[in-house]
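Enquirer: If you're matching them up, the sequences are chains A and B in order.
Each residue of the first sequence is one higher than the last, beginning at 15 in the working numbering.
Each residue of the second sequence is one higher than the last, beginning at 3 in the working numbering.
Glycine included, each C-beta is placed from N, C-alpha and C at the ideal position.
Quick caveat: nothing in here was measured; it's all calculated off a predicted structure.
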Amino acid sequence: MMSRTPARFRASNEGDAVTHIIEMQAIRKVYDTGKVKVEALKGIDFSVTPGEFVAVVGPSGSGKSTLMNLIGCLDTPSEGRYRLGGEDVSKFTRDELADVRNRRVGFVFQGFNLLPQISAFENVELPLLFGGVAPKKRRARVEELLTKVGLGERMDHKPTELSGGQMQRVAIARALAMKPDVILADEPTGNLDTSAGGDIMSLFTELWGQGSTLVVITHDMTLARRAGRVVEIRDGRIVSDGEAAA
Amino acid sequence: MKKNLTLVVQLFLRSARLQKKRATLTIAALAWGTVTILLLLAFGEGLKRQMTSNEQAMGNNLAILWPGETTKPYKGLPPGHSIRPRIEDVDFARERMPELDAMWAELTSWRTNLSYGKKTVNGRVIGTIAPYGNARKHFPKPGGRFLNPDDETEKRRVVFLGNEMARDIFGEEDPVGKSLLINNSPFTVIGVMQRKRQSSTYGGPDASHAVIPQSTFKAVIGNDNVNVVVFRVKKAEDMDSALVHLSQILGPRLGFDPTDSHVFGVWNTVEGQKMSEKILTGLEIFFGIIGALTLIIGGVGVANIMYAVVKERTKEIGVKMALGARSAWITGPFVLEGLVYTFLGGLFGALIAIVIVTALGFVKLEGNDVLEFLGHPTLSWPIGLATIGILGFCGLAAGYFPARRAAAIDPASTLRYE
Chain A
15 MMSRTPARFR ASNEGDAVTH IIEMQAIRKV YDTGKVKVEA LKGIDFSVTP GEFVAVVGPS
75 GSGKSTLMNL IGCLDTPSEG RYRLGGEDVS KFTRDELADV RNRRVGFVFQ GFNLLPQISA
135 FENVELPLLF GGVAPKKRRA RVEELLTKVG LGERMDHKPT ELSGGQMQRV AIARALAMKP
195 DVILADEPTG NLDTSAGGDI MSLFTELWGQ GSTLVVITHD MTLARRAGRV VEIRDGRIVS
255 DGEAAA
Chain B
3 MKKNLTLVVQ LFLRSARLQK KRATLTIAAL AWGTVTILLL LAFGEGLKRQ MTSNEQAMGN
63 NLAILWPGET TKPYKGLPPG HSIRPRIEDV DFARERMPEL DAMWAELTSW RTNLSYGKKT
123 VNGRVIGTIA PYGNARKHFP KPGGRFLNPD DETEKRRVVF LGNEMARDIF GEEDPVGKSL
183 LINNSPFTVI GVMQRKRQSS TYGGPDASHA VIPQSTFKAV IGNDNVNVVV FRVKKAEDMD
243 SALVHLSQIL GPRLGFDPTD SHVFGVWNTV EGQKMSEKIL TGLEIFFGII GALTLIIGGV
303 GVANIMYAVV KERTKEIGVK MALGARSAWI TGPFVLEGLV YTFLGGLFGA LIAIVIVTAL
363 GFVKLEGNDV LEFLGHPTLS WPIGLATIGI LGFCGLAAGY FPARRAAAID PASTLRYE
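1. For the alpha helix (DSSP H) containing GLY193/B, name the first residue and the last one.
2. Determine the chain A residues that contact GLU318/B at a beta-carbon separation under 7 Å, and present them in chain order.
3. Counting only beta-carbon atoms, is VAL11/B nearer than 8 Å to chain A?
4. Any beta-carbon of chain A closer than 8 Å to the one on ALA55/B?
5. Can you give the Cα-Cα distance for LEU282/B and SER201/B, rounded to whole angstroms?
6. Where DSSP assigns a beta bridge to TRP269/B, which residues make up the other side?
7. Does LEU325/B come out as helix, strand or coil in the three-state DSSP assignment?
8. For chain A, check one thing: does any of its Cβ atoms lie closer than 8 Å to the Cβ of ARG328/B?
9. When the cut-off is 8 Å and only beta carbons count, does ALA112/A lie next to chain B?
10. Can you pull the DSSP bridge partners for TRP106/B?
11. If contact means a Cβ-Cβ distance below 8 Å, which residues of the region 60–90 of chain A contact chain B?
12. Output needed for LEU393/B: all residues of its chain with C-beta closer than 6 Å, excluding positions within five of it in sequence on either side, in chain order.
13. LEU143/A and ARG152/A: beta carbons closer than 8 Å?
14. Is the Cβ of PRO202/A closer than 8 Å to any Cβ of chain B?
15. For ALA209/B versus GLU174/B, is the C-beta distance shorter than 8 Å?
16. So is GLY118/B buried or exposed if we call it buried at 16+ other beta carbons inside 10 Å?
17. My output table needs one value for HIS247/B: the three-state DSSP class, helix, strand or coil.
18. Is it the case that the Cβ atoms of VAL321/B and LEU237/A are separated by a distance below 8 Å?
19. Check each residue of the region 158–186 of chain A: if its Cβ is closer than 8 Å to any Cβ of chain B, include it; give the result in chain order.
20. Any beta carbon of chain B sitting closer than 8 Å to that of LEU143/A?
21. Check whether the region 159–176 of chain A touches the region 81–94 of chain A, taking contact to mean three or more Cβ pairs, one atom from each stretch, closer than 8 Å.
22. Can you tell me the Cα-Cα spacing of ALA352/B and GLU47/B, whole angstroms?
23. Rounding to the nearest angstrom, what Cα-Cα distance links ASP213/A and GLY242/A in this structure?
24. Within a Cβ cutoff of 7 Å, which residues of the same chain sit near LEU256/B, ignoring the five residues on either side of it in sequence?
25. List the residues of chain A that VAL321/B touches, going by C-beta distances under 7 Å, in chain order.
26. Beta carbons nearer than 9 Å to chain A: which residues of the region 328–355 of chain B have them?
27. Can you grab the Cα-Cα spacing for the pair ARG158/B / ARG147/B, in whole Å?
28. Please report the straight-line C-alpha distance between GLY401/B and VAL359/B, rounded to a whole angstrom.
29. Taking the straight line between their C-alpha atoms, what separation do you get for ILE231/A and LYS78/A?
30. So, at 6 Å on beta carbons, what are the nonlocal neighbours of LEU111/A in its own chain, with the 5 sequence-adjacent residues on each side left out?
31. Is it buried or exposed, GLY284/B, if we count other Cβ atoms within 10 angstroms and call 16 or more buried?
32. Give the interface partners of LYS313/B over in chain A, defined as CB-CB distance under 7 Å, in chain order.
33. Please confirm if ASP109/A has its CB atom under 8 Å from at least one CB of chain B.
34. With distances taken Cα to Cα, identify the nearest neighbour of GLY75/A among HIS34/A, GLU246/A, GLU257/A, SER254/A.
35. Along the chain, which unbroken stretches of the beta strand (DSSP E) at least 3 residues long are found entirely within the region 137–181 of chain B?
36. Give me the chain B residues within the contact set of LEU237/A, using Cβ-Cβ distance strictly less than 8 Å, ordered along the chain.
What follows is the structure, given as structure tokens:
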């Protein structure tokens, strides 16, 4: 492994695939636009163990969005091996990837990506619907989650009737719905003001404290500093990987 | 599979709830298309039936034969020898042709005086026998009857009048039982023909002639020249062989070569029926194509709207994919939407068309020149099945193509930016 995982992680996890939630080896991603081939990731080794809070930082164009797409199984690597929760997903079909996303990944986006026409409740319910959860269990789970993120009173509100911070909390509740292996957040505070952003960061820290695994892609150094580990990407390669500077 | 289906239905219902107006407009477009195709086909079918019935008002499966001249030499006689069958010859042939339903000779007196009181008209009088009545659809109005065999054997002075002629002579009076003079001989009117819409004739329309027994004709008019010989076959497909058979029977008796096909001028109505059936079917197909095109425009409209929806909801579809929706759960609701819209549109369209067709069915044809020609629009099972087929095709196509586009959406690229 080329990564500069701190010694305490490496010692306990090296070679033990099952204890890694995310395990990427020699991942390359080439976008072929027909005329030019763009190599977005040039050999990434990246692993995450359960309970980690990892911030991925890097300038735009560094390949961190590509990395997020691969981690989130929205895309497949051109080369290399990717195991998510012990499953090799590198060669999965579209539908298999959809199932993996449903069970193992909870997405939180910069733009929230809530469906605007349906209520907060129905938004959070969607992954449970896709996951085949029975209606009664769905209702209980959605109510539990929305209460947990502090929106128990606003379950029937549509996203447009909520503030940015509230929308992002609905999105986080939705991400947690299927008890995923990893919460994958892309600039979760990017569209929020400082106060709302702070709330979201606290919520992430709280989730981390409760044992969730989080991978957050961000420019926001305040958020990155809250993570247990910061990975920096430049030009398609990981250039630094270590504990967050306090 | 069951899980997929329930999920697709759930997702469809959730999205349908949000777009009632669009659904209504789409369904209206399809209903319109359905009404158009159904009405066009119904009018086509009505026209076909009406024209067939007009054409067959003279009778169906008939052959009308005008005696003429030979064109082949026969037993020493040169071509050009004229053939004049007599009533006995017709009787002779009838006895030997079991394939016939009826056969008769017609004696015709073209300009004959018919008078009642001070009123005299000049008209056509036919001398023939009882089977003519049914085969030529001379159905009497209530209170009257057509000629019967006793009229013939007893040489009764009775007359059956065409309805137009009856009106010309008697006006509004009921002619049945009254006496009129034909060539100054008194005749009793035994019946008046029911009004019918007749589009083909030989000699003239049935409504404006009078029919008397053959034996009486001979006595009163004074000749028994056979003007035409007419027969009706039991089955239309026997017509060609019956014509050959008749020549074989009459040839040796009257002195012409049975293979000489020009002795009689023949009007074979079976051939005419086939021809006009083809023309009318062609017309119906033409109507059907116009209707189908209209309906397809409706279908294209649905597909177009759904395309727009897919584009508008690209992000939403991307989000659903990210949350774990399989392709079928994305495409399914679109296909279902197309099918449900076409089903509902077809249903409403069919109901409207049925109401219109039923309402037009109550309009009386008699006295309405346009409708007497057009007939009542008529819906039939083939029309229904054809429409369902086209609708089903529209529905599937309208759902499938946009759905395919939706399934091709790359979630990664839709999620990042607002």
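Expert: Considering the structure as presented:
1. Here residue 193/B is taken as the residue at index 191 of the second sequence, counted from 1. For GLY193/B, there is no enclosing alpha helix (DSSP H); the enclosing beta strand (DSSP E) has its first and last residue at 187–194.
2. Residue numbering aside, residue 318/B sits at position 316 when the second sequence is read from its first letter. Ordered by position in chain A, the residues that pass the 7 Å Cβ test against GLU318/B are LEU129.
3. Start at 1 with the first residue of the second sequence, and residue 11/B comes out as number 9. Taking 8 Å as the threshold, the shortest C-beta distance from VAL11/B to chain A does not fall below it.
4. Here residue 55/B corresponds to residue number 53 of the second sequence, with the count starting at 1. According to the sequence as given, residue 55/B is Ser; it is not Ala. Chain A contact via Cβ: absent.
5. In the second sequence, the residue the question calls residue 282/B occupies position 280. In the second sequence, the residue the question calls residue 201/B occupies position 199. One alpha carbon belongs to LEU282/B, the other to SER201/B, and they sit about 15 Å apart.
6. Residue numbering aside, residue 269/B sits at position 267 when the second sequence is read from its first letter. DSSP lists ILE66/B as partners of TRP269/B.
7. Stepping through the second sequence from its first residue, residue 325/B is reached at position 323. Coil.
8. Here residue 328/B corresponds to residue number 326 of the second sequence, with the count starting at 1. It does: the Cβ of ARG328/B has a partner Cβ on chain A nearer than 8 Å.
9. Residue 112/A sits at position 98 when you count from the first residue of the first sequence. Judged by the 8 Å Cβ criterion, ALA112/A is in contact with chain B.
10. Within the second sequence, the letter at position 104 stands for residue 106/B. When DSSP reads this structure, TRP106/B sits in a beta bridge with VAL232/B.
11. Of all residues in the region 60–90 of chain A, SER79, ASN83, GLY86, LEU88, ASP89 have a Cβ within less than 8 Å of some Cβ in chain B.
12. Taking the first residue of the second sequence as 1, we reach residue 393/B at position 391. Excluding residues within five positions, the ones whose Cβ falls inside 6 Å are THR344, GLY348.
13. Here residue 143/A refers to the residue found at position 129 when the first sequence is read from its first residue. Here residue 152/A refers to the residue found at position 138 when the first sequence is read from its first residue. Note that the C-beta distance between LEU143/A and ARG152/A is below 8 Å.
14. Translated into positions along the first sequence, residue 202/A becomes position 188. At a cut-off of 8 Å between beta-carbon atoms, PRO202/A makes no contact with chain B.
15. For this step, residue 209/B is matched to residue 207 along the second sequence. For this step, residue 174/B is matched to residue 172 along the second sequence. Note that the C-beta distance between ALA209/B and GLU174/B is not below 8 Å.
16. Here residue 118/B refers to the residue found at position 116 of the second sequence. A quick correction: the sequence has Tyr, not Gly, at residue 118/B. Burial check for TYR118/B: the Cβ neighbour count within 10 Å reaches 16 or more, so the residue is buried.
17. Residue numbering aside, residue 247/B sits at position 245 when the second sequence is read from its first letter. Correct three-state label for HIS247/B: helix.
18. Translated into the one-based positions of the second sequence, residue 321/B becomes position 319. Translated into the one-based positions of the first sequence, residue 237/A becomes position 223. When the beta-carbon positions are compared, VAL321/B and LEU237/A stay at least 8 Å from each other.
19. Listed by position along the chain: nothing, the set is empty.
20. The residue labelled residue 143/A in the question sits at position 129 within the first sequence. Yes, because at least one Cβ of chain B sits closer than 8 Å to the Cβ of LEU143/A.
21. Verdict: no, contact absent.
22. In the second sequence, residue 352/B corresponds to position 350, counting from 1. In the second sequence, residue 47/B corresponds to position 45, counting from 1. Roughly 16 Å separates the two Cα atoms.
23. In the first sequence, counting from the first residue as 1, residue 213/A sits at position 199. In the first sequence, counting from the first residue as 1, residue 242/A sits at position 228. It is roughly 18 Å from the alpha-carbon of ASP213/A to the alpha-carbon of GLY242/A.
24. Along the second sequence, one-based indexing puts residue 256/B at 254. Within the same chain, LEU256/B has close Cβ partners ILE85, PRO87, ASP91.
25. The residue given as residue 321/B occupies position 319 in the second sequence. Neighbourhood of VAL321/B in chain A, by CB distance below 7 Å: ASN127, LEU129, in chain order.
26. Cβ contacts with chain A come from ARG328, SER329, ALA330, TRP331.
27. For the purposes of this step, residue 158/B is identified with residue 156 of the second sequence, where counting begins at 1. For the purposes of this step, residue 147/B is identified with residue 145 of the second sequence, where counting begins at 1. When rounded, the distance between both Cα atoms is 14 Å.
28. One-based indexing of the second sequence puts residue 401/B at position 399. One-based indexing of the second sequence puts residue 359/B at position 357. The alpha-carbon atoms of GLY401/B and VAL359/B are separated by roughly 31 Å.
29. Residue numbering aside, residue 231/A sits at position 217 when the first sequence is read from its first letter. Residue numbering aside, residue 78/A sits at position 64 when the first sequence is read from its first letter. For ILE231/A and LYS78/A, the gap between their C-alpha atoms comes out near 7 Å.
30. If you number the first sequence from 1, residue 111/A lands on position 97. If we look at LEU111/A and ignore the five residues flanking it on each side, its Cβ neighbours are CYS87.
31. What you label residue 284/B is simply residue 282 of the second sequence in a count that begins at 1. Taking all protein chains shown into account, GLY284/B has fewer than 16 neighbouring C-beta atoms within 10 Å of its C-beta and is therefore exposed.
32. Locating residue 313/B in the second sequence gives position 311, counting from the first residue. For LYS313/B, there are no C-beta contacts with chain A under 7 Å, since the nearest C-beta of that chain is about 16 Å from it.
33. Locating residue 109/A in the first sequence gives position 95, where the first residue counts as 1. Interface criterion met: the Cβ of ASP109/A is under 8 Å from a Cβ in chain B.
34. Reading the first sequence from its first residue, position 61 is the one you call residue 75/A. When only C-alpha atoms are compared, the closest one is GLU246/A.
35. Those beta strand (DSSP E) runs which fall completely within the region 137–181 of chain B and span 3+ residues are 160–163.
36. Position 223 of the first sequence, counting from 1, holds the residue named residue 237/A. Listed along chain B is no residue with a C-beta nearer than 8 Å to that of LEU237/A; the closest approach is about 18 Å.
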